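S.K.:
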Amino acid sequence: MGYEEVAGYKVYNDPTDNNGNIRFIIASQGKDYGIDEDTVIVKLKFKAIAVGTGDVDALKGRIADTEQEYDLDEENCLQDTVTVVAPAILDVNKSGEYTLVDLAIDAFYFGNAVADTDTVNHQADQVIDETVNDDDLLYIVNQILNNPNYTPNL
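Numbered per the working numbering, the sequence shown spans residues 12 to 165.
Here it is, written out as structure tokens:
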């Protein structure tokens, strides 16, 4: 998880995950950036572990003007749904299905940044985190196990 600051607003604390709760302290940078109705003040980034949907919910909020603080009512705290879709090119060697060859390629690239792999011939970053690591290999193994065309060697 991470975040991206929005022009005119700055995160002034170090948001850390505390049992699924993350606290942001954000201030506007000048009178032209006051909060008015639906104002985007920070963009959240998430790391998906699987294809599917999930909910992101702002449970509490507090804002202030130059005179006092206001706790936001629950209906003014936002909830949104995040959808993770499968990438257009699914397997590592772009053959159309996952096999041990895909696992071998990523094992070869293990620990490398995606920029240091052969991005023309290989889609090594399977979980899209810019590094070939255990998450990629685990994803490939799960895809192999779910591939009905790839039968075990019995």
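Glycine included, C-beta positions come from ideal geometry on N, C-alpha and C. None of the values given here were measured: they were computed from a predicted structure.
Going by C-alpha distance, which of A61, N164 and D140 is nearest T94?
M.R.: A61
S.K.: From the DSSP secondary-structure annotation, give me the bridge partner or partners of V53.
M.R.: E16
S.K.: So E108 and D117 are supposed to be a Cβ contact under 8 Å. How far apart are they, rounded?
M.R.: Contact doesn't hold; Cβ gap of about 15 Å is too wide.
S.K.: Between V17 and V67, is the Cβ-Cβ spacing less than 8 Å?
M.R.: Contact flag unset, no.
S.K.: Figure out for me which residue from K105, A115, Q137 and Q79 has the closest Cα to the Cα of V96.
M.R.: Q137
S.K.: Within the same chain, show all residues whose beta-carbon is closer than 7 Å to that of D140, passing over the 5 residues directly before and after it, in chain order.
M.R.: K58 and D146
S.K.: Would you grab the beta carbon distance between E217 and K56 for me? Rounded to a whole angstrom, and I think it's under 8 Å.
M.R.: In the structure as shown, the chain begins at 12 and stops at 165. Residue 217 is therefore absent and cannot be evaluated.
S.K.: Is the beta carbon of A38 sitting closer than 8 Å to the one on K54?
M.R.: no
S.K.: Note down, one range per segment and in chain order, each beta strand (DSSP E) of at least 3 residues found wholly within the region 88-138.
M.R.: 90-95
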